[in-house]
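In what follows, a single structure is set out as structure tokens and then discussed.
In this note's numbering, the protein residues as written are 942 to 1412.
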């Protein structure tokens, strides 16, 4: 979302970027007050999310957050819009609204004051089409599960036929994991059914951070059921091309929720090309202490140098602590950090493979860098992304949910030196080139951004008539 906001700012929009109070506080802690005041015409503000304050620096519970924002945030956003439109505020009046597409309650606030509004679908197109089929799975009696035994008895291997837009042989296990419940009232199952349905009727446009060479079939399926779909990805390459390096928009408008550690790029500089395993499970994934130990010893036993991002809240309910013997085993070969500049790390020549949770931003960053991936999907549509990386895009291998150190070490070695790894590198290089072509000046991503801007400015006839159906 922040990248898209930067591109809109570069096109002349005054941006008011709305965070929850909790994330506003985390950003303030990690980057300081200057993070909110370093770029003219780009303001940050906050509204409450309706939840009690969590533990310091901990990731909030996603189901609770989704339910709370859906049921409590609309009046707070409406009040914020009213205050911004008050001439006494000194701010320009609000002329359009862009929100996360799964926060569709925000559309209601935009409709109240009669302004154009669009939603950014922040995940993959294949993920959207899988979520969009949740309602059908319930109607077919495939979901919710009859009992928890179906998690392990082979039931998830069931092939689901007729899912619009997705790849052949799509199994229950390939759907976003909120179907893995026995509760028909499960928050996330019903939340995603609601949000995908509202995406078809509420916004003036849906924005997708992807590109047609990668997800053409899935994007066409989205276009067939949604309002105008503006495919503007990969956003990170558009931002890299458009926003001047070192400018206030580049330097001060950032979203790090933890402080970055210095010296990481210099550490990578000391390693040969394609020799380092980069490990990062994103900002939400958590694991048990046992899983962390299996990953740790798998990395140690792979015999490759590695850079591992270990967030303070990575281990559920506890601090992430590794035994002294692990530190001794990796001395001089492994580097652990609490947060790192991933976009800079992933493009470094020393990185040979990326061990990831398969979140969409991380997946796109790796594809744009031409780096193959080892995937350990944790939740949501990460399972779907992992499936596509393995069978459709040819850039990844999966580490099973039951993490075993021997499997981790073997997969790393296969990716770094085996025939499978060589093929993954070849395919990754192809996707890197295709992503770059999508974001060339005058290319499909820029054309679709122009289309979005016309919609946000209320020029809907011009947007429909002047832009292609596909990106």
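Backbone N, C-alpha and C define an ideal beta-carbon position, used for all residues, glycine too.
Can you pull the DSSP bridge partners for residue i?
{"i": "residue 1249", "result": "1220, 1277"}
{"i": "residue 1146", "result": "1059"}
{"i": "residue 1112", "result": "1100"}
{"i": "residue 986", "result": "959"}
{"i": "residue 1041", "result": "1061"}
{"i": "residue 1297", "result": "1221, 1316"}
{"i": "residue 1327", "result": "Paired residues: none, contrary to the question."}
{"i": "residue 1338", "result": "1315"}
{"i": "residue 1256", "result": "1228"}
Below 8 Å between beta carbons: does that hold for residue i and residue j?
{"i": "residue 1022", "j": "residue 1050", "result": "yes"}
{"i": "residue 1017", "j": "residue 988", "result": "yes"}
{"i": "residue 1297", "j": "residue 1268", "result": "no"}
{"i": "residue 1133", "j": "residue 1119", "result": "yes"}
{"i": "residue 1059", "j": "residue 1144", "result": "yes"}
{"i": "residue 963", "j": "residue 985", "result": "no"}
{"i": "residue 1289", "j": "residue 1128", "result": "no"}
{"i": "residue 1393", "j": "residue 1148", "result": "yes"}
{"i": "residue 1329", "j": "residue 1040", "result": "no"}
{"i": "residue 1107", "j": "residue 1070", "result": "yes"}
{"i": "residue 1327", "j": "residue 1313", "result": "no"}
{"i": "residue 1322", "j": "residue 1064", "result": "yes"}
{"i": "residue 1364", "j": "residue 1335", "result": "yes"}
{"i": "residue 951", "j": "residue 1152", "result": "no"}
{"i": "residue 1292", "j": "residue 1219", "result": "yes"}
{"i": "residue 1229", "j": "residue 1257", "result": "yes"}
{"i": "residue 1377", "j": "residue 1178", "result": "yes"}
{"i": "residue 1122", "j": "residue 1160", "result": "no"}
{"i": "residue 1006", "j": "residue 1075", "result": "no"}
{"i": "residue 1295", "j": "residue 1307", "result": "yes"}
{"i": "residue 1146", "j": "residue 1166", "result": "no"}
If we count the other Cβ atoms within 10 Å of its Cβ and call it buried at 16 or more, is residue i buried or exposed?
{"i": "residue 1237", "result": "buried"}
{"i": "residue 943", "result": "exposed"}
{"i": "residue 1126", "result": "exposed"}
{"i": "residue 981", "result": "exposed"}
{"i": "residue 1162", "result": "buried"}
{"i": "residue 1262", "result": "exposed"}
{"i": "residue 1102", "result": "exposed"}
{"i": "residue 1239", "result": "buried"}
{"i": "residue 1082", "result": "exposed"}
{"i": "residue 1373", "result": "buried"}
{"i": "residue 1028", "result": "exposed"}
{"i": "residue 1206", "result": "exposed"}
{"i": "residue 1020", "result": "exposed"}
{"i": "residue 1343", "result": "exposed"}
{"i": "residue 1030", "result": "exposed"}
{"i": "residue 949", "result": "buried"}
{"i": "residue 1381", "result": "exposed"}
{"i": "residue 1156", "result": "buried"}
{"i": "residue 1214", "result": "exposed"}
{"i": "residue 1299", "result": "buried"}
{"i": "residue 1055", "result": "exposed"}
{"i": "residue 1211", "result": "exposed"}
{"i": "residue 1094", "result": "exposed"}
{"i": "residue 1360", "result": "exposed"}
Does the beta carbon of residue i sit closer than 8 Å to a beta carbon anywhere in chain D?
{"i": "residue 1074", "result": "The displayed structure is made up of one protein chain only, and chain D is not part of it."}
Please return the same chain residues whose Cβ sits closer than 7 Å to the Cβ of residue i, not counting the five positions on each side in sequence.
{"i": "residue 1352", "result": "1315, 1338, 1340"}
{"i": "residue 947", "result": "1180, 1184, 1190, 1194"}
{"i": "residue 1250", "result": "1220, 1221, 1278, 1280, 1281"}
{"i": "residue 1309", "result": "1175, 1177, 1178, 1373, 1376"}
{"i": "residue 1033", "result": "955"}
{"i": "residue 1366", "result": "1313"}
{"i": "residue 990", "result": "961, 962, 963, 1006, 1009, 1010, 1014"}
{"i": "residue 1168", "result": "1144, 1145, 1146, 1147"}
{"i": "residue 1158", "result": "1106"}
{"i": "residue 1226", "result": "1298, 1319"}
With a threshold of 7 Å, establish whether the CB of residue i neighbours any heavy atom of the ligand NAP.
{"i": "residue 959", "result": "Among the components of this structure there are no ligands whatsoever, and the ligand NAP is therefore not found."}
Leaving aside the five residues before and after residue i along the sequence, list all residues of the same chain whose C-beta is less than 6 Å from its C-beta, in chain order.
{"i": "residue 1136", "result": "1043, 1045"}
{"i": "residue 1084", "result": "1078, 1120"}
{"i": "residue 960", "result": "987"}
{"i": "residue 1209", "result": "1289, 1291"}
{"i": "residue 1275", "result": "1247"}
{"i": "residue 1397", "result": "1037, 1057"}
{"i": "residue 1150", "result": "1174, 1176"}
With a CB to CB cut of under 8 Å and the five nearest residues on each side skipped, what residues in its chain are close to residue i?
{"i": "residue 1048", "result": "1038, 1040, 1058, 1060, 1139, 1143, 1144"}
{"i": "residue 1348", "result": "1239, 1340, 1341"}
{"i": "residue 1370", "result": "1311"}
{"i": "residue 1098", "result": "1112, 1113, 1114"}
Exercise. Quick one: any contact between the segment 1180-1197 and the segment 1084-1092, if contact means 3 or more CB pairs under 8 Å?
Worked result: no
Exercise. Touch check for the segment 1278-1288 and the segment 1296-1308: three-plus C-beta pairs under 8 Å?
Worked result: yes
For this session: Check whether the segment 1245-1257 touches the segment 1161-1175, counting contact only when three or more Cβ pairs, one atom from each stretch, lie closer than 8 Å.
Result: no
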